[in-house]
Structures are given as C-alpha cells and as structure tokens.
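Each residue of the sequence shown is one higher than the one before, counting from 163 in my numbering. Data block below; observations after.
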Amino acid sequence: MFTRRHLILSTFALGVSLSAGLAHADQLADIKKKGQIVFGVLGTDEPNSFIDPTSRQLVGYEIDIANAVAKKLGVKPVFKQISVAARIPELQQGHVDILAASLTHNKERESQVDFALTYFVTGSKVMVRAASGITGLPQLAGKKVLTVRGGTQETNIRKAVPNVEVVTFENTQQAFQALRQGKGVAYVNDESSLLSDYGKLGPAAKGFTILAPSIGNEPLALGLRKGEKGLKAVVDQTLRDLESSGAAQQLFNKWYGPGTRTNLAKRSFKIHTDQI
C-alpha cells in the first residue's frame with residue numbers, strides 16, 4: 163500500500179537526487195564562486211610537471227597549460243601533488259578539479275573520467291642498461307623491469323613481454339633511480355620522459371640505451387569528472403586557443419624542443435581532438 167509516509171520518503175529521495183545532480187552539474191559555477199581551481203599534478207615527471215631546483219616552484223608543460231585554463235576561467239590555479247596510482251581516485255572523490263598529470267587517454271579510462279582535447283602524443287619505450295647486452299624486447303623475458311605503479315606502461319610491457327618480471331615504484335624519479343642503481347635491467351616510461359631522464363645523465367648516458375620499438379601509444383590529456391560539460395567546454399576552448407595562436411607550439415619548444423633535455427626535433431601532433 164502506498165502511504166503518506168511513502169510519499170514523504172519518495173519526495174525526500176527525489177530532492178536529494180536532484181540536489182546531487184545540480185551540485186554535480188555546477189562544478190564550473192562552484193570553481194568561479196571559489197575563485198580557484200585545483201589541479202592534480204605529479205610534480206615528479208619532467209618536463210610535464212616538476213619542482214624547479216632554483217625557485218622550488220612547480221613548473222612544466224602541464225603547469226603552463228593549467229595556468230592557461232585558470233586564466234581563461236579568471237580564477238587562481240592551485241596545484242596538488244598526487245601519485246600516478248591516486249590520480250583518478252583523487253578526481254572522483256573531489257579532491258582535485260582537473261588532472262594535469264601525464265594521464266593517458268585510453269578506452270578503459272573513459273568509463274571513469276572525461277578527457278579534454280589531447281595536448282601531447284608520445285609512446286611507451288624501454289630504457290636498458292648497456293651492460294645488460296639487451297638490444298631487443300624479447301631479451302627482457304624473465305628479466306626485472308622497472309616502471310611506475312598505476313601507469314599504462316605496466317600493462318604495455320606485460321603485453322609486449324608476457325613473462326617479464328615487473329617491479330613498480332611510486333613515481334618516475336624513484337623508478338629511474340632504481341635503474342641507475344642496478345635494481346633492474348630496464349625501465350619503462352613515456353618516451354618523452356625517458357628522453358628527459360637520459361638528458362640528465364651527462365657522461366653516464368653511455369651506460370644506457372633506449373630501445374627503438376614503441377610498446378604503446380600515449381595520447382595525454384587533462385582529466386575531468388564525468389559529465390562536467392560546462393567545464394570541459396572551457397578547457398577545450400583554452401586548448402584550441404593555444405593551438406590557433408601558436409602558443410601550443412611555443413610551449414612544445416620550451417619544454418620538449420631542440421636544446422631541451424628531451425630535445426625533440428619537432429612536434430608530431432596538433433591539439434584538435436578528444437578522440438583516440
């Protein structure tokens with residue numbers, strides 16, 4: 163029997179549901195009201211986001227993009243350092259508004275987050291110790307390979323070399339240091355990050371080699387909570403403006419181009435789509 167009590171409970175539940183929906187759909191307004199936007203960043207992945215040794219401030223390609231988004235919104239950018247494994251949980255739980263954290267856009271993650279336009283395209287590659295004698299991926303079978311916990315690289319290397327022994331670390335700095343200390347024969351990461359790490363080695367670089375084959379495509383994008391269409395529209399327009407104005411090319415040159423540690427000769431992509 164449908165009683166007055168049922169009616170009250172149903173009305174209350176509907177009100178709660180509608181309130182939750184309005185709160186969810188109003189993230190853009192909330193950000194503007196607060197006057198700040200919180201970006202989840204790694205802070206350990208040069209040149210995307212890292213601590214400048216002189217200023218002790220967060221800098222990098224993703225930091226500059228995040229600053230552009232905040233400027234477009236007319237709010238203050240706030241940066242919260244998070245781990246690779248914690249990226250999506252931090253976003254879903256509302257601890258950060260946007261992920262600017264070397265986040266690969268793939269089909270598996272589309273059920274968890276929405277992605278803005280792809281702002282960088284790279285690939286997963288493997289750096290090996292030269293003394294290991296390894297020149298190809300098949301030689302990694304049964305060997306200890308290092309990577310970052312929670313990233314796509316772990317999946318990529320397991321697919322490429324099914325019987326590899328994978329050891330994971332909290333961040334790229336720890337994984338790269340472990341390779342240098344001989345705790346594994348190889349280290350898997352985005353090619354852009356590997357090139358940056360390689361550039362830091364100086365004379366010691368002769369002791370390491372980056373294998374030619376790519377083991378996975380890595381389109382990187384800002385991550386947003388599901389359904390935040392208003393915020394995504396502003397973010398995407400910011401990225402389009404960076405591309406059309408030439409600022410995106412300037413950012414690439416600044417952080418990835420010739421003369422940088424990454425030292426990429428040219429940009430092989432344009433910012434134009436959120437499809438993969």
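Just so it is clear, CB atoms sit at the ideal spot from N, CA and C, and this is done for glycine as well. Remember, predicted model here, so these are calculated numbers, not experimental data.
Report the three-state DSSP secondary structure of residue i (helix, strand or coil).
| i | result |
| --- | --- |
| Y440 | The chain is shown only over 163 to 438; residue 440 falls outside these bounds and no answer can be derived. |
| Q315 | helix |
| E272 | helix |
| T297 | coil |
| S211 | strand |
| L279 | coil |
| R218 | coil |
| L261 | strand |
| R402 | helix |
| Q343 | coil |
| A427 | coil |
By DSSP's criteria, residue i is part of a beta bridge. Which residues make up the other side?
| i | result |
| --- | --- |
| V203 | Q243 |
| E380 | T284 |
| D352 | S286 |
| F331 | V310 |
| K388 | DSSP, once it has assigned bridges, lists no residue as partnering K388. |
| K238 | Q198 |
| R291 | F370 |
| T266 | L382 |
Please tell me whether residue i and residue j are closer than 7 Å, where the distance is taken between their beta carbons.
| i | j | result |
| --- | --- | --- |
| D403 | L279 | no |
| L140 | A374 | Because the chain here runs from 163 to 438, residue 140 falls outside it and cannot be looked at. |
| V329 | L299 | no |
| A248 | P239 | no |
| A410 | I438 | no |
| H287 | S376 | Position check: residue 287 holds Lys in this sequence, whereas His was assumed. Yes, they are a contact pair. |
| A263 | V350 | no |
| D359 | F338 | yes |
If we count the other Cβ atoms within 10 Å of its Cβ and call it buried at 16 or more, is residue i buried or exposed?
| i | result |
| --- | --- |
| H257 | exposed |
| T216 | exposed |
| L171 | Bear in mind that the predicted position of L171 carries a pLDDT of just 45, short of 50, making it unreliable; the figure below should be weighed with that in mind. With fewer than 16 Cβ atoms within 10 Å of its Cβ, L171 is classed as exposed. |
| Q315 | buried |
| G183 | Low confidence applies here, because G183 scores a pLDDT of 42, under 50, leaving its location unreliable; read the following figure in that light. By the 10 Å Cβ count, G183 comes out exposed. |
| Q189 | buried |
| N120 | Nothing can be reported for residue 120, as the shown portion of the chain is limited to 163 through 438. |
| A218 | Per the sequence presented here, residue 218 reads as Arg, with Ala not at that position. Exposed: under 16 other Cβ atoms inside 10 Å. |
| Y418 | buried |
| S406 | exposed |
| A427 | exposed |
| N325 | exposed |
| A191 | exposed |
| A395 | exposed |
| E272 | exposed |
| G222 | buried |
Can you name the start and end residues of the alpha helix (DSSP H) that residue i belongs to?
| i | result |
| --- | --- |
| I193 | 189-196 |
| K416 | 409-417 |
| I433 | Run containing I433: none; DSSP gives neither H nor E here. |
| I250 | 249-254 |
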